[in-house]
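Q: Below is a structure I'd like to ask you about.
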Amino acid sequence: MIDAGVFFMADCREQAVSNDFFDFIISYVDTPFITVTSDCIQRIDEDYDIFYYAREGLPDLNVAGYSYEVIPKCFGLLDQTALEASGILRMQNQPALRLRGNGVLVGFIDTGIDYTNPLFRFSDGSTRILSIWDQELQSGTPPQGILYGSVYRREEIDRALLSDNPYELVPSRDENGHGTFLAGVAAGGEDVRADFIGAVPEASIAVVKLKEAKQYLKDFYFIPDGVPVYQENDIMLAVSYLNGLAMIYDMPLVICLGVGSSMGNHGRTGAVSTYLNYICGRRKRCVVAAAGNEANARRHFQGELSAGMNYEDVQINVEQDMRGFYVELWAKAPELYAVAVISPTGEQIPRVPVRAGASLEFRFVFEQTTVSVDCWSEPRETASQLVYLRFKEPKQGIWIVRVFPQNVITGNYHMWLPMQQMTDGEVFFLRSNPDMTITDPGSATQVITPGGYNAANEALYLNSGRGYTIDGEVKPDFVAPAVEVYGPGLRQNYVTYTGTSAAAALTAGACAQIMQWGFVELNEPRLSNAGIKNMLIRGADRNNERSYPNREWGYGTLDVYQAFLNLRG
63 MIDAGVFFMA DCREQAVSND FFDFIISYVD TPFITVTSDC IQRIDEDYDI FYYAREGLPD
123 LNVAGYSYEV IPKCFGLLDQ TALEASGILR MQNQPALRLR GNGVLVGFID TGIDYTNPLF
183 RFSDGSTRIL SIWDQELQSG TPPQGILYGS VYRREEIDRA LLSDNPYELV PSRDENGHGT
243 FLAGVAAGGE DVRADFIGAV PEASIAVVKL KEAKQYLKDF YFIPDGVPVY QENDIMLAVS
303 YLNGLAMIYD MPLVICLGVG SSMGNHGRTG AVSTYLNYIC GRRKRCVVAA AGNEANARRH
363 FQGELSAGMN YEDVQINVEQ DMRGFYVELW AKAPELYAVA VISPTGEQIP RVPVRAGASL
423 EFRFVFEQTT VSVDCWSEPR ETASQLVYLR FKEPKQGIWI VRVFPQNVIT GNYHMWLPMQ
483 QMTDGEVFFL RSNPDMTITD PGSATQVITP GGYNAANEAL YLNSGRGYTI DGEVKPDFVA
543 PAVEVYGPGL RQNYVTYTGT SAAAALTAGA CAQIMQWGFV ELNEPRLSNA GIKNMLIRGA
603 DRNNERSYPN REWGYGTLDV YQAFLNLRG
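What follows is the structure, encoded as structure tokens:
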């Protein structure tokens with residue numbers, strides 16, 4: 063048994079960043095007795111640690127053998143006139159309030175930030191950024207209590223900005239631009255010539271630049287080279303770091319997450335969702351996560367095995383030969399399902415019986431495709447069943463997963479394929495369902511989850527992730543502008559982005575306005591994440607021709623100005 067207080071630091075940086083070591087997320091809530099220890103353990107909080115193990119001599123990753131929950135999931139970026147539509151600009155300029163984020167810390171967990179951009183500086187040229195933790199850079203000093211990365215604080219950033227070559231002193235860069243854009247939309251300053259201003263231009267900023275996922279995880283999930291993806295445990299540790307930073311500065315904190323994953327049961331469980339729910343319950347904390355852009359990707363199948371059906375065929379179209387993909391079948395207890403797989407040429411593997419921990423692998427003769435089937439159950443009272451199917455080198459054609467009822471009451475189950483950018487070829491369900499396509503961690507109960515719409519014509523952004531969750535909870539909470547949103551690029555120019563991460567940035571700004579009013583201005587010091595969510599839901603603009611809540615629009619469109627008007631009674 064491992065004492066939850068044990069924490070090893072010495073010589074562990076290599077283990078945290080090297081592809082020669084497995085990362086495992088250990089939950090003391092789900093698995094309180096850990097019998098196998100590691101020389102290097104990274105603490106996230108009292109409930110979660112990361113164990114690092116040398117890969118040499120260990121079996122290859124598989125869901126049944128190692129347990130689905132301990133293998134880090136991979137998360138991708140959620141992107142492919144907005145302030146006025148959201149009511150944010152009116153709150154900035156309302157004479158009695160002028161809610162511009164003063165005294166609030168907005169934290170971004172993303173691809174980094176261009177800290178040299180004037181949008182992130184005060185008028186005297188000094189930085190508004192309190193801290194950058196760059197998980198990728200190993201040349202500097204990690205944050206206290208963290209094994210890896212390099213941290214750069216406000217004083218170091220200011221010295222860099224005064225130098226002729228700032229990147230010699232603070233070498234952290236945003237090579238992608240996604241993080242800079244979100245930080246600018248949410249908390250960028252005013253640029254009158256470019257007609258730009260962020261939602262909370264006076265807020266303090268903190269940034270975690272996520273390191274890329276280790277190659278062994280990319281290989282396990284068949285993620286193509288060049289696609290930016292990030293590990294679940296790195297995201298959890300980033301949240302823990304921002305929470306600790308806000309405690310040091312004694313500031314209310316809004317965390318903005320523009321990354322997501324289609325892995326998991328699309329409900330309230332999962333390591334990162336559980337941890338974010340915990341953070342949302344802390345005083346002066348608020349978390350915003352994008353709903354994702356998967357509604358029209360044809361990556362979700364909703365199964366319905368009615369009485370008398372012996373099986374249901376789920377057809378998966380593989381449009382070209384590819385390196386591989388996986389598909390997850392989830393069912394809520396006490397439902398149980400067995401599966402078989404049929405290849406495009408009609409070859410069939412036998413029905414795989416369901417038992418927790420079962421792991422079988424089959425080789426199709428004509429296609430030369432390997433399919434592994436792993437069975438796993440969540441270690442909770444309301445344990446969901448997972449059947450995890452992994453197709454290696456699948457050939458073009460229609461692959462069929464035949465689903466058999468084993469213990470059926472409702473006949474309902476769900477299957478999800480990876481997000482679009484996470485595969486090296488086009489793969490989709492022939493009979494797909496656009497609902498329940500909110501990406502993780504947007505399905506987390508307490509997290510504020512905006513979908514997206516086009517503020518120019520008030521039409522839904524058609525790719526915006528749709529609800530509800532597998533637990534029946536309303537998601538998205540509402541929608542915010544997500545189409546051609548205007549913000550800073552990497553060359554200190556301006557670009558437009560489309561995607562729900564832009565909606566998350568705008569919503570994070572709205573939350574920061576409410577936190578300034580509640581905590582900094584002392585109008586409602588008992589305000590909670592749930593209270594902020596409820597304010598925004600009550601203030602959302604609703605079309606009389608729609609019923610609410612609904613799977614596409616949630617409770618309506620973001621309008622923080624109306625949320626404040628409602629306080630007048």
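In this text, residue positions in the sequence shown follow the numbering used here: the first is 63, and each later residue adds one. Glycine included, every Cβ here is placed at the ideal spot set by N, Cα and C.
Given this structure, state the Cα-to-Cα distance separating W195 from L629, to the nearest angstrom.
A: Approximately 38 angstroms between the Cα atoms of the pair.
Q: Give me whichever residues DSSP pairs with T562 in a beta bridge.
A: Answer by DSSP bridge pairing: none, since T562 is not bridged.
Q: Could you tell me if Y229 is buried or exposed, where buried requires 16 or more neighbouring beta carbons within 10 angstroms of its beta carbon?
A: With fewer than 16 other Cβ atoms within 10 Å, it is exposed.
Q: Residue range of the beta strand (DSSP E) that Y292 falls in?
A: Per DSSP, Y292 belongs to the beta strand (DSSP E) from V291 to Q293.
Q: Please list, in chain order, all residues of the same chain as R75 whose beta carbon is under 8 angstroms from its beta carbon, the five residues on each side excluded.
A: Closer than 8 angstroms at Cβ, skipping near neighbours: Q200, P204, L209 and Y210.
Q: I think T501 touches S323, with their Cβ atoms under 8 angstroms apart; what is that distance to the nearest whole Å?
A: The Cβ separation is near 6 angstroms, so the contact holds.
Q: Whole alpha helix (DSSP H) runs in the stretch 551 to 595 with 4 or more residues, listed along the chain?
A: 562 to 577, all fully within the stretch 551 to 595.
Q: Can you give the Cα-Cα distance for P286 and V582, rounded to whole angstroms?
A: P286 and V582: Cα-Cα distance of roughly 45 angstroms.
Q: I'd like to know whether the C-beta atoms of L367 and P512 end up nearer to each other than 9 angstroms.
A: In this structure, P512 does not lie closer than 9 angstroms to L367 by Cβ.
Q: Using the beta-carbon count (16 or more within 10 Å), is F626 buried or exposed?
A: By the neighbour-count rule (16 or more Cβ atoms within 10 Å), F626 is buried.
Q: Measure from the alpha carbon of K394 to the alpha carbon of each residue in V449, L181 and V489, then state which is nearest.
A: Cα-wise, what sits closest to K394 is V449.
Q: Could you check if G288 is buried or exposed, using at least 16 other CB atoms within 10 Å of its CB as the buried criterion?
A: Exposed, because fewer than 16 other Cβ atoms sit within 10 Å of the Cβ of G288.
Q: Within the same chain, show all residues whose beta-carbon is closer than 6 angstroms to that of F490, passing over the 5 residues directly before and after it, in chain order.
A: Contacts found: R360 and N379.
Q: If G580 and A602 are in contact, beta carbons under 8 angstroms, what's the gap, nearest whole angstrom?
A: Rounded, the Cβ-Cβ distance is 19 angstroms, inconsistent with contact.
Q: For R347 and T569, I'd like the C-alpha separation in whole angstroms.
A: Cα to Cα, the separation comes out at about 14 angstroms.
Q: Given that a residue counts as buried once 16 or more other Cβ atoms are within 10 Å of its Cβ, and exposed if not, what is M371?
A: The residue is exposed, with fewer than 16 neighbouring Cβ atoms inside 10 Å.
Q: I need the straight-line Cα distance from L223 to F243, nearest angstrom please.
A: For L223 and F243, the distance between alpha carbons rounds to 20 angstroms.
Q: With a threshold of 8 angstroms, are at least 3 pairs of Cβ atoms found where one atom belongs to the stretch 335 to 347 and the other to the stretch 540 to 556?
A: The stretch 335 to 347 is not in contact with the stretch 540 to 556.
Q: Are the CB atoms of P157 and M325 within a distance shorter than 9 angstroms?
A: Not in contact: M325 and P157 (Cβ atoms no closer than 9 angstroms).
Q: Would you tell me roughly how many angstroms separate the C-alpha atoms of M597 and V622, rounded to the nearest one?
A: The alpha-carbon atoms of M597 and V622 are separated by roughly 8 angstroms.
Q: Is V125 near S421, with beta carbons less than 9 angstroms apart?
A: Yes, these two residues count as a Cβ contact at 9 angstroms.
Q: Grab me the residues of P94's own chain with a C-beta within less than 8 angstroms of its C-beta, minus the 5 sequence neighbours each way, in chain order.
A: Only weak support exists for where P94 lies, its pLDDT of 49 falling under 50; the value from the coordinates is given anyway. For P94, where only same-chain residues beyond five positions count, there are no Cβ hits under 8 angstroms.
Q: Go ahead and pull the three-state DSSP assignment for A265.
A: Coil.
Q: Under the three-state reduction of DSSP, which class applies to C342: helix, strand or coil?
A: Residue state, collapsed to three classes: helix.
Q: Can you tell me whether S335 is helix, strand or coil according to DSSP?
A: Of the three classes helix, strand and coil, the one that applies to S335 here is helix, per DSSP.
Q: Just confirm the distance between the C-beta atoms of N358 and L140, as a whole number of angstroms; I'd bet it's less than 8 angstroms.
A: Wrong, their Cβ atoms sit about 14 angstroms apart, outside the cutoff.
Q: Since I believe V321 is in contact with G138 (beta carbons under 8 angstroms), could you give me their beta-carbon distance rounded to a whole number of angstroms?
A: That pair is a contact at about 6 angstroms.
Q: What are the start and end residues of each continuous beta strand (DSSP E) run of 3 or more residues lying completely inside the stretch 105 to 180, in chain order?
A: Qualifying beta strand (DSSP E) stretches, in chain order: 110 to 116, 136 to 139 and 167 to 172.
Q: So A574 and V166 are in contact, right, with Cβ under 8 angstroms, and what is the actual spacing, rounded?
A: Yes, A574 and V166 are in contact; Cβ-Cβ is about 5 angstroms, under 8 angstroms.
Q: Going straight from the alpha carbon of C318 to that of V79, what length do you get?
A: In a straight line, the C-alpha of C318 is about 24 angstroms away from that of V79.
Q: Considering only the alpha carbon of each residue, which of Y373, W438 and M484 lies closest to I462?
A: When each option's Cα is compared against that of I462, the closest is Y373.
Q: For K280, which three-state DSSP category applies?
A: In this structure, K280 counts as helix in the three-state DSSP scheme.
Q: Excluding the five sequence neighbours on either side, which residues of its own chain have a C-beta within less than 7 angstroms of the C-beta of D296, listed in chain order?
A: For D296, where only same-chain residues beyond five positions count, the Cβ hits under 7 angstroms are Q197, L272 and K273.
Q: Round the Cβ separation of N495 and F363 to the nearest angstrom and send it over; I've been treating them as touching at under 8 angstroms.
A: With 8 angstroms as the limit, N495 and F363 qualify as a contact, their Cβ atoms being about 6 angstroms apart.
Q: What are the boundary residues of the beta strand (DSSP E) that includes T432?
A: Residues T432 to S439.
Q: Would you call P412 buried or exposed, if buried means 16 or more other Cβ atoms sit within 10 Å of its Cβ?
A: Counting Cβ neighbours within 10 Å, P412 comes out exposed, since fewer than 16 surround it.
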